[in-house]
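Data first, discussion second: the structure below is written as structure tokens.
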Amino acid sequence: MKTYLPHYFKRIGILLVIIAAILSCLAGVDDFRQGFSNSYNDVEYSYDELKNNPELHPEVIVESYFTDAEENTFTWISLLFSISGFIIYLFSKEKIDDEYIQQIRLKSILQAFLISWIIYGIAKLFSFIIPMDGIYILQMQLIAYVIIFRYNKNKELSDEEIALED
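Per numbering that gives the first Met the number 0, the very first residue in the sequence shown carries number 0; after that it's consecutive.
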């Protein structure tokens, strides 16, 4: 896999992912407040039904900060920032970028692809509730790649140091 961006773009990618996490938390602030403020498990209605019909149980509903459209906008913007940040991170060079690192990158991409689809298959097999659009699968693959690449790089470099000591 060819890298096209300088090393300092890794920091920009990480910054975009952090901004995405903040926006994602901001999108879910009303749901968090509802769950934190009131327990509606003993109520026979779902949260969405209660949110749309506050006369069912007015004591359960907490005033919303954002409308559903605004929450959806924050969610999509956070996904865009997250995927952009991970892609920038993926295409940025390492401090020392040679053929060995490129081999680790390719191995990590293949492992991330396989692991993310196995997780997706297991999630779909055991639960039909989990919404898995293509964009969420892509995000899961990018997250898996970053974790696996770091693990493989640290493992390979530590194995190389052990071999040099012997």
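Beta carbons are placed, not taken as given, at the ideal position from N, Cα and C, and that holds for glycine.
Excluding sequence positions up to five before and after E155, its CB lies within less than 8 angstroms of the CB of Y99, I103, all in the same chain and listed in chain order. By the neighbour-count criterion, in which 16 or more other beta carbons inside 10 Å mark a residue as buried, I95 falls on the exposed side. The three-state secondary structure of S157, taken from DSSP, is helix. Note on geometry: alpha-carbon atoms of N151 and L137 lie some 20 angstroms from one another. In this chain, F65 is not harboured by any alpha helix (DSSP H), its DSSP state being neither H nor E. Around the CB of G133, fewer than 16 other CB atoms lie within 10 Å, so the residue is classed as exposed.
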